[in-house]
Amino acid sequence: MKEFMMIFVGADYADLGLSPEELQNRMGKWFAWGDKMEKAGILRGGKALTPQIRRVVGENRTVSDLTSTEVKEIVGGYYLVEAKNFDAVQDIAQDYPDYDLGGTVEIREIMVFNQ
Amino acid sequence: MENKLIDHLFRYHSGKMVSILTRIFKLSHLNIIEDAVQDTFIKASISWRNKQPDHPEAWLTQVAKNRVLDIFRKLKTEQKHLPNINQGTDTIAINDLFLDTEIEDAQLRMIFTACHPKLDPRDRISFALKTISGFNIKEIASALLTKEDTIKKRLARTRKSIQKSNLKFQIPQGKSLPQRLESVMEVLYLIFNEGFHSNKQEKLVRKELCGEALRLTQMLLKNKHTRTPAVYALCALMCFHSSRLETKTNAENEILDLKNQDRSQWYFPLIELGNTMMNKAVETKAFSCYHYEAAIAVEHLKAKHFNNTNWDKILHWYQPNLVGTLEPTHLLTMAVVCMQKHDYKMAKSYLDQLNQDNFEQRSYLFYGTKADYYIKTNKPDKAIKYLDLAIDTVTNDSEKTYLQKKKLTV
Numbered sequence: 001m002k003e004f005m006m007i008f009v010g011a012d013y014a015d016l017g018l019s020p021e022e023l024q025n026r027m028g029k030w031f032a033w034g035d036k037m038e039k040a041g042i043l044r045g046g047k048a049l050t051p052q053i054r055r056v057v058g059e060n061r062t063v064s065d066l067t068s069t070e071v072k073e074i075v076g077g078y079y080l081v082e083a084k085n086f087d088a089v090q091d092i093a094q095d096y097p098d099y100d101l102g103g104t105v106e107i108r109e110i111m112v113f114n115q
Numbered sequence: 001m002e003n004k005l006i007d008h009l010f011r012y013h014s015g016k017m018v019s020i021l022t023r024i025f026k027l028s029h030l031n032i033i034e035d036a037v038q039d040t041f042i043k044a045s046i047s048w049r050n051k052q053p054d055h056p057e058a059w060l061t062q063v064a065k066n067r068v069l070d071i072f073r074k075l076k077t078e079q080k081h082l083p084n085i086n087q088g089t090d091t092i093a094i095n096d097l098f099l100d101t102e103i104e105d106a107q108l109r110m111i112f113t114a115c116h117p118k119l120d121p122r123d124r125i126s127f128a129l130k131t132i133s134g135f136n137i138k139e140i141a142s143a144l145l146t147k148e149d150t151i152k153k154r155l156a157r158t159r160k161s162i163q164k165s166n167l168k169f170q171i172p173q174g175k176s177l178p179q180r181l182e183s184v185m186e187v188l189y190l191i192f193n194e195g196f197h198s199n200k201q202e203k204l205v206r207k208e209l210c211g212e213a214l215r216l217t218q219m220l221l222k223n224k225h226t227r228t229p230a231v232y233a234l235c236a237l238m239c240f241h242s243s244r245l246e247t248k249t250n251a252e253n254e255i256l257d258l259k260n261q262d263r264s265q266w267y268f269p270l271i272e273l274g275n276t277m278m279n280k281a282v283e284t285k286a287f288s289c290y291h292y293e294a295a296i297a298v299e300h301l302k303a304k305h306f307n308n309t310n311w312d313k314i315l316h317w318y319q320p321n322l323v324g325t326l327e328p329t330h331l332l333t334m335a336v337v338c339m340q341k342h343d344y345k346m347a348k349s350y351l352d353q354l355n356q357d358n359f360e361q362r363s364y365l366f367y368g369t370k371a372d373y374y375i376k377t378n379k380p381d382k383a384i385k386y387l388d389l390a391i392d393t394v395t396n397d398s399e400k401t402y403l404q405k406k407k408l409t410v
């Protein structure tokens, strides 16, 4: 078994102007998805990120503070899951609730460096 | 499942759920949170009557998560402040709050909130029993021997103070922690004593109160910031006292004093646990009042028979340089101990420092001890006078019977 990270990229709910009902509906789906993975025993962790961004770029170390409205897509958080391969994680990622909002799931394998 | 077990499970879980949900929605929405939790349990108890879930605890946690969404909707319709949800991923953070370690953290926060100095000391116990231990108003009233209306008022007043002072839902840090921890221990010990000393309630209620106090004290010991020698000593003290809980009354719920308790029935595992706790408590030299009270409780447990009690040693633990300031209850106990040692002169010198006003609604304890003194020193007239005063002021029926029986023997 290997470990994979699902990184979630999408727009801020508030910026999309979601109604509280819609918000609540989506939260319900996220909870359900988390529970499903937990029940399957494949969940190894996860974290959410706040929408505040500070960027340090280039040789001059140019600093800029950004909000989610200024960057169209923002990394919202990640889940760590245990799976056999990319295909298996792709299956898990089918339940990601925000595809219809243009959201993205990026699947990456956790590197284990043992030669 | 038996109804009593369901009650117990609900009560236990309601404290957890209220604490977690308060972390998510803040103390300002405590009303809505408590209503939502109560509603959950009403629904659960109806549906469980037909079919009980395989894993009741997991079931309840799941329901609590769903409550997050319900409260969300409710706050929206009431146009109240909602927590900030930016992305679906925020639910990952909320989910974390339902992990066991985080649940304990939330419950500790609630204990420390209940003991906040901005809250009236008299209101703290009621509030703690409601929000942490999941007692309903009727149960709190019967546990604290108070009218339901009074409890309602106390709870309302507490909620108001929380709003007004904008209390934060957290465990205090740095300098304010030791002081608040004092207050927490005091409240827990009071809850324990309500269970241990009051014989008016059913045995079940008393056990529940003592058990809650012990559980919450153990929770303090699990957290490295609140794991202090004094808390260990308090835990030891509760274990030692609890080991005698079953033998304090007979089958007819009549009081048996220390002299007449069946010592073979004292619950040994709790004594052992108390010893373990006490060993931890004395790893440093910082002794608290709980250390001395625990040491005194041990002396009673050590004696195989009442007559073997080492009264000198008990009196030693009461010396003012050890206990700090002597409270009226200490002086009264010292007088009782002196009488056991037949040192009536000393007993009188302690009694003379006291009057009934020191004990307020427990003045019958003072009168009863005075009566004992006059019985022992062969002054039946005076003994009867004080027994009558005691009988007049005691509120507890079984204690009244005890005193009346005693009067007949004078």
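Top to bottom, those sequences are chains A and B.
Going by the UniProt record's numbering, the first sequence opens with residue 1, and the numbers climb by one from there.
Going by the UniProt record's numbering, the second sequence opens with residue 1, and the numbers climb by one from there.
Ideal Cβ placement from N, Cα and C applies to all residues, glycine included.
Beta carbon of residue i nearer than 8 Å to that of residue j
| i | j | result |
| --- | --- | --- |
| glycine 46 (chain A) | tyrosine 79 (chain A) | yes |
| leucine 82 (chain B) | phenylalanine 72 (chain B) | yes |
| glutamine 107 (chain B) | lysine 51 (chain B) | no |
| methionine 334 (chain B) | tyrosine 344 (chain B) | no |
| glycine 103 (chain A) | phenylalanine 8 (chain A) | yes |
| methionine 185 (chain B) | leucine 144 (chain B) | no |
| glutamine 218 (chain B) | glutamate 246 (chain B) | no |
| glutamine 356 (chain B) | tyrosine 367 (chain B) | yes |
| valine 187 (chain B) | alanine 128 (chain B) | yes |
| valine 81 (chain A) | phenylalanine 4 (chain A) | yes |
| alanine 297 (chain B) | leucine 237 (chain B) | yes |
| threonine 309 (chain B) | histidine 300 (chain B) | yes |
| isoleucine 107 (chain A) | glutamine 94 (chain A) | no |
| lysine 74 (chain B) | isoleucine 132 (chain B) | no |
| asparagine 396 (chain B) | glycine 34 (chain A) | no |
| phenylalanine 192 (chain B) | leucine 167 (chain B) | no |
| methionine 339 (chain B) | lysine 376 (chain B) | yes |
| residue 411 (chain B) | isoleucine 103 (chain B) | Because chain B in this structure spans residues 1 to 410, residue 411 (chain B) falls outside the shown range and cannot be described. |
| glycine 77 (chain A) | isoleucine 92 (chain B) | yes |
| phenylalanine 196 (chain B) | leucine 258 (chain B) | no |
Unbroken alpha helix (DSSP H) run spanning residue i, endpoints
| i | result |
| --- | --- |
| isoleucine 92 (chain A) | 86-92 |
| glycine 34 (chain A) | 20-40 |
| threonine 91 (chain B) | 90-96 |
| alanine 233 (chain B) | 229-242 |
| alanine 295 (chain B) | 289-302 |
| isoleucine 107 (chain A) | Careful: isoleucine 107 (chain A) lies outside any alpha helix (DSSP H), inside the beta strand (DSSP E) at 104-109. |
| residue 411 (chain B) | There is no way to answer for residue 411 (chain B), as the model of chain B reaches only from 1 to 410. |
Within chain B, the residues that residue i reaches when beta carbons sit closer than 9 Å
| i | result |
| --- | --- |
| glycine 102 (chain A) | The contacting residues do not exist; glycine 102 (chain A) stays about 13 Å from chain B at best. |
Nearest-angstrom Cα separation, counted from residue j out to residue i
| i | j | result |
| --- | --- | --- |
| serine 243 (chain B) | valine 231 (chain B) | 18 Å |
| isoleucine 46 (chain B) | aspartate 35 (chain B) | 17 Å |
| proline 121 (chain B) | glycine 28 (chain A) | 40 Å |
| glutamate 78 (chain B) | asparagine 25 (chain A) | 18 Å |
| phenylalanine 41 (chain B) | phenylalanine 10 (chain B) | 7 Å |
| asparagine 86 (chain B) | methionine 6 (chain A) | 18 Å |
| asparagine 84 (chain B) | asparagine 114 (chain A) | 42 Å |
| valine 63 (chain A) | glutamate 70 (chain A) | 15 Å |
| methionine 37 (chain A) | glycine 88 (chain B) | 16 Å |
| tyrosine 290 (chain B) | leucine 119 (chain B) | 24 Å |
| tyrosine 99 (chain A) | valine 105 (chain A) | 9 Å |
| residue 422 (chain B) | leucine 216 (chain B) | The shown model of chain B, from 1 to 410, leaves out residue 422 (chain B), and the question about it has no answer. |
| tyrosine 267 (chain B) | cysteine 239 (chain B) | 10 Å |
| arginine 362 (chain B) | arginine 49 (chain B) | 44 Å |
Residue span of the beta strand (DSSP E) that contains residue i, given as start and end
| i | result |
| --- | --- |
| valine 75 (chain A) | 74-83 |
| serine 398 (chain B) | Looking at the DSSP string, serine 398 (chain B) is not in any beta strand (DSSP E); the run it does join, the alpha helix (DSSP H), is 397-409. |
| valine 56 (chain A) | 53-57 |
| serine 161 (chain B) | It is not in any beta strand (DSSP E) - serine 161 (chain B) instead sits in the alpha helix (DSSP H) that spans 148-164. |
| glycine 195 (chain B) | Taken as a continuous stretch (DSSP letters only), glycine 195 (chain B) belongs to no beta strand (DSSP E), being part of the alpha helix (DSSP H) at 176-197. |
| aspartate 65 (chain A) | 62-66 |
| valine 282 (chain B) | Element bounds for valine 282 (chain B): n/a, residue is neither H nor E. |
| valine 9 (chain A) | 2-10 |
| alanine 48 (chain A) | 43-48 |
Chain B contact residues for residue i, given Cβ-Cβ distances below 8 Å
| i | result |
| --- | --- |
| arginine 44 (chain A) | The contacting residues do not exist; arginine 44 (chain A) stays about 13 Å from chain B at best. |
| glycine 76 (chain A) | Asn86, Gln87, Gly88, Thr89 and Asp90 |
| tyrosine 79 (chain A) | Ile92 |
Within chain D, partners of residue i - CB distance below 8 Å
| i | result |
| --- | --- |
| lysine 65 (chain B) | In summary, chain D is missing from the structure at hand, where the protein chains are A and B. |
Per-residue contacts from residue i into chain B (C-beta, under 7 Å)
| i | result |
| --- | --- |
| leucine 23 (chain A) | Ile85 |
| residue 135 (chain A) | Outside the shown range of chain A (1 to 115) lies residue 135 (chain A), about which nothing can therefore be said. |
| aspartate 98 (chain A) | Gly88 |
Contacts that residue i makes with chain A (C-beta to C-beta distance below 7 Å)
| i | result |
| --- | --- |
| lysine 76 (chain B) | Pro20 |
| leucine 181 (chain B) | The contacting residues do not exist; leucine 181 (chain B) stays about 31 Å from chain A at best. |
Contacts that residue i makes with chain A (C-beta to C-beta distance below 9 Å)
| i | result |
| --- | --- |
| arginine 73 (chain B) | Pro20, Glu21 and Gln24 |
Q | Against chain A: residues of the region 84-96 of chain B by CB proximity under 7 Å | A | Contacts with chain A (Cβ-Cβ distance below 7 Å) from the region 84-96 of chain B involve Ile85, Asn86, Gln87, Gly88, Thr89, Asp90, Thr91, Ile92, Ala93 and Asn95, listed in chain order.
Q. For the region 2-18 of chain A, which residues have a CB atom closer than 7 Å to at least one CB atom of chain B, in sequence order?
A. For the region 2-18 of chain A, which is checked against every Cβ of chain B, the residues closer than 7 Å are Phe8, Gly10, Asp12, Tyr13 and Ala14.
Q.
Tell me which residues of the region 46-60 of chain A have at least one Cβ-Cβ distance to chain B shorter than 8 Å, keeping chain order.
A. Residues are counted here when their Cβ sits less than 8 Å from a Cβ of chain B; for the region 46-60 of chain A these are Gly46, Lys47, Ala48, Leu49, Thr50 and Pro51, given in chain order.
Q) Using Cβ-Cβ distances below 8 Å, what residues of the region 289-314 of chain B are close to chain A? A) For the region 289-314 of chain B, the set of positions with a beta-carbon nearer than 8 Å to some beta-carbon of chain A is empty.
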